[in-house]
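First comes the structure, then the notes that go with it.
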Amino acid sequence: MDKLVLGAALQVGDMLIYLILFVLMFVIVMKYAYGPVSKMMAKREDKINGDLDYAEDTRKKADELAAQREGELKNTRSEATQIVQNAQKSGETQRDQIITQAQSEAQQLKTNAQKDAEQARADALASARDDVAQLSIEIASKLINKELSASDQQALIDSYIEGLGDTNGTR
């Protein structure tokens with residue numbers, strides 16, 4: 001049992017050597033490994049920060065571009081709505097002009113038809129006068145068995161036509 005305790009005993013000399021080796025290893029690691037590792041870590045941190053900044057800038061630009069596109073889209077929609085409204089107004093104006101023109105033409109046709117009807121009536125009445133005058137002369141000649149003078153014929157025709165106009169309710 002003494003050997004076990006003796007083997008487990010703390011050797012100050014070994015401990016001192018281990019401490020010196022540890023410090024020496026620590027200095028070597030600090031001099032040769034810590035500098036490059038810390039530089040590498042700093043570069044990595046800078047790269048990550050740069051990537052994050054780039055991503056943030058890109059996101060901001062994308063947001064600005066999206067806002068710009070949205071504004072352009074709204075503007076385009078507004079312009080399209082305005083174009084449609086203008087087309088509707090133009091169509092309504094054109095429709096109103098066509099209706100007005102058609103009504104004017106219809107009124108003109110009606111007026112012309114009335115004038116034509118009045119002219120036809122006047123022509124028919126004049127023709128009827130001539131026919132009635134001729135018939136009345138023939139009848140009067142046969143009845144009287146004599147020739148009437150032109151003025152007598154005209155007076156007879158006029159009185160007959162006036163009587164004819166009174167029966168129709170017009171003169």
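Quick note, the sequence shown lines up with residues 1 to 171 if you use UniProt numbering. All C-beta atoms, glycine included, are put in the ideal place defined by N, C-alpha and C.
Determine contact between the stretch 119 to 132 and the stretch 98 to 111, defined as no fewer than three beta-carbon pairs at a distance below 8 Å.
-> Fewer than three pairs of CB atoms, one per stretch, sit closer than 8 Å, so the stretch 119 to 132 makes no contact with the stretch 98 to 111.
What is the DSSP secondary structure of Gln11, counted as helix, strand or coil?
-> In the sequence shown, the residue the question calls residue 11 occupies position 11. In the structure shown, Gln11 sits in coil (DSSP, three-state: anything other than H, G, I, E or B).
Using beta-carbon positions only, say whether Gln154 and Ile137 come within less than 8 Å of one another.
-> Along the sequence shown, read from residue 1 onward, the residue named residue 154 stands at position 154. Along the sequence shown, read from residue 1 onward, the residue named residue 137 stands at position 137. In this structure, the beta-carbon distance from Gln154 to Ile137 does not fall below 8 Å.
Do Ala55 and the ligand ZN come close, with the Cβ less than 7 Å from some heavy atom?
-> The model depicted lacks the ligand ZN and carries no ligand whatsoever.
3-residue-minimum beta strand (DSSP E) runs that sit fully inside the stretch 51 to 139, ordered along the chain | none
What does a CB cutoff of less than 6 Å around Val37 pick up in its chain, not counting 5 residues either side in sequence?
-> In the sequence shown, the residue the question calls residue 37 occupies position 37. No residues qualify anywhere along the chain.
Compare the beta carbon distance of Ile99 and Ala133 with 8 Å and say whether it is the shorter of the two.
-> Start at 1 with the first residue of the sequence shown, and residue 99 comes out as number 99. Start at 1 with the first residue of the sequence shown, and residue 133 comes out as number 133. For Ile99 and Ala133, no; Cβs fall outside 8 Å.
Whole angstroms is fine: what's the gap from Val12's alpha carbon to Val23's?
-> On the sequence shown, position 12 is the one that residue 12 refers to. On the sequence shown, position 23 is the one that residue 23 refers to. Taking the straight line joining both Cα atoms gives about 16 Å.
Coil, strand or helix - Ser149 by DSSP = Taking the first residue of the sequence shown as position 1, residue 149 is located at position 149. Reduced to three states, the DSSP call for Ser149 is coil.
Alpha carbon of Ala55 to alpha carbon of Glu45, nearest angstrom = Working through the sequence shown from its first residue, we reach residue 55 at position 55. Working through the sequence shown from its first residue, we reach residue 45 at position 45. Between Ala55 and Glu45, the C-alpha separation is close to 15 Å.
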